[in-house]
Amino acid sequence: MSSVQVPSTRVPQTKSSVTLPSLSRIQFPEGSTSNPPIKRIHSDADVSLWKQSKAKEHVVLFVSRLCESAVGKATILRKRAEVKDASGDNIDKIWLLLDELQHWTEEIEPLKTPQRYGNLAFRTWGERLEKRVSTLHSKLLPPSLHGIIPELEAYLLGSFGSWVRLDYGSGHELSFAAWLCFLSRLGYFDRQGEKFEERLALEIFPKYLEVAWGIQDRYGLEPAGSHGVWGLDDYQFIPYAIGASQLRDQIAYPPIAVTSVSHKADLKPASANYLLAFTPSSSPLQNTQSRLGAIPGPPFANLYTSSIARIHALKRGPFHEHSPILHDVASTVPNWVKVHSGMMKMWEAECLDKRPVVQHFPFGRYGFPWPVASDDHSQNAISSAAPNHTSQAQAKSANLPMQPTAAPWAKPSTGGPPMAPTGAPWALASSASRTGIPGGTATPTTRSTLASSGSAAAATSPFGILPKAGVPRDQKRDLN
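As numbered in the numbering used here, residues 1 to 480 make up the sequence shown, in order.
Structure (structure tokens):
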């Protein structure tokens, strides 16, 4: 097992250490059986039930605990030769299962015929997983838990993309987190001691990314529901939360260092394993060299800078143009404590609370039960969701405009006329009624306006009240 050593000197920050409750245990009587989980989210009223459910609470708490366990620790990358006998280590069993899936990606060649939206060879990969997923779980679990396999296996099946649509998105990443959460609540990792969550965050999740990134690259999977440059990342979300947590208790390497050109991987094409081990070097920041000079690279390999390097490997052009949200976060958020907090809020708002993402999440009897709503609660949920209940098909057939989706951090209006729909930042408009911004004009959005209105740098963003784009005052003071 190899990793980069964490420096012994740590600089604590405000609210860096958080105490979280334990995950509740699943009571699964030996000899019992389960049924495959089913999808329950079909309307905005269902989303309202999901938001207040124990199922969502379990997922958020589990990911939060992974983040807390990773504070100040390096990503751990293991090699196949290092993991041979996993008979007494269930985390090693998970690693070997993921490694077997990675082998499949290497074995199943992409089809060489012209492919427009992803390579059809991924369907062969997915069909193999469907056929073998029960056997994989039988090897993974003790006989006393074999009855839970029909419910549990659905979350692993949903973790690597859709071989029907040939795409991958944050909902598939969510499914993998739910699978690990399910196993944790079953007591599967109890033998590994108190630090099993640390190993899940630093060993298993990087291995999952290695498999997922390999699939995305080999079969050219499309982003599922991508927001383009106005989204955080085309494919992933959780690595940014874990990675920011890894960097939380130091200030020598501040968030603004992410904007340095040194965060581009030298090796091209860059493999997933190379990117996960990649540690940017010390480099002067563009346009700030006279004030800050050279800023050291991160103290160790972490999922945040690995994800940034991954984006640079996939996209061309300046960082602030192809990833304005991440650039805003780096330019305006003063420390990693706030970056982590903002990423968790953003993940919840943009992934967990969005129907296009969670409508594919399945619910079963034991792991993630669907909430049984009372009549009053159900009626309130339906009433609150009514304004946005028109479907795309209904709107198209009736020639009705679709209701706008508000930003996750926007506060509802307490009075006055309703807000007009917000057009895309590049759409032409002649008045505030066209742009949806009070006092708005048809001026195109630029890098300077992005930092002060809209995106992650808005004053009411998940990252708190932020200064305008540039180097925050307290950050300058820390680096002098």
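C-beta atoms are modelled at their ideal positions from N, C-alpha and C, and glycine is treated no differently.
*In DSSP terms, what Pro362 is bridged to*: Lys39
*Exposed or buried, what is Pro462 when buried is set at 16 or more other beta-carbons lying within 10 Å of its beta-carbon?*
buried
*Rounded distance between the beta-carbons of Ile238 and Trp347, thought under 8 Å*: 7 Å
*For Pro150, name the three-state secondary structure that DSSP assigns.*
helix
*Any idea what DSSP makes of Glu203, helix, strand or coil?*
helix
*Which residue from Val18, Gln216 and Glu57 puts its Cα closest to that of Gln102?*
Gln216
*Measure the beta-carbon distance from Phe160 to His172 and round it to whole angstroms, keeping in mind my assumption that it falls under 8 Å.*
6 Å
*asked:* Suppose the cutoff is 7 Å on Cβ atoms and the five residues either side in sequence are ignored; what does the same chain contact list for Ala70 look like?
replied: Glu198, Ala201, Leu202, Ile242, Ser245 and Gln246
*Using DSSP with H/G/I as helix, E/B as strand and the rest coil, what is Glu222?*
strand
*Proximity below 8 Å, CB of Leu166 to CB of Tyr117*: yes
*Just to confirm, are Ser53 and Pro371 a CB contact at a threshold of 8 Å?*
yes
*Inspect the beta-carbon positions of Leu77 and Leu232 and report whether they are closer than 8 Å.*
no
*State the DSSP-derived secondary structure class of Ile76, mapped to helix, strand or coil.*
strand
*If you drop the 5 nearest sequence neighbours on each side, which residues of the same chain put their C-beta closer than 6 Å to that of Trp213?*
Ala272
*Bridge partner(s) assigned by DSSP for Ala301*: DSSP lists no partner for Ala301.
*asked:* Between the alpha carbons of Pro254 and Val59, how many angstroms are there, rounded?
replied: 29 Å
*Which word fits Glu222, buried or exposed, when buried means at least 16 other C-beta atoms lie within 10 angstroms of its C-beta?*
buried
*Cα-Cα separation, Lys51 to Ala45*: 10 Å
*With contact counted as at least three CB pairs below 8 Å, one residue from each stretch, are the region 21-32 and the region 176-187 in contact?*
yes
*Taking the Cβ atom as the reference point for each residue, do Leu157 and Glu127 lie within a distance shorter than 8 Å?*
no
*Sheet register partners of Tyr188 (DSSP bridge)*: Paired residue(s): none; Tyr188 is not in a bridge.
*Residues near Ile38 in its chain [Cβ-Cβ closer than 7 Å; skip 5 each side]*: Pro362 and Phe363
*Could you round the C-beta distance between Ala309 and Phe278 to whole angstroms and report it? I think they count as a contact, below 8 Å.*
5 Å
*Can you grab the Cα-Cα spacing for the pair Val489 / Asp249, in whole Å?*
In the structure displayed, the chain extends from 1 to 480; residue 489 sits before or after that span and is not available.
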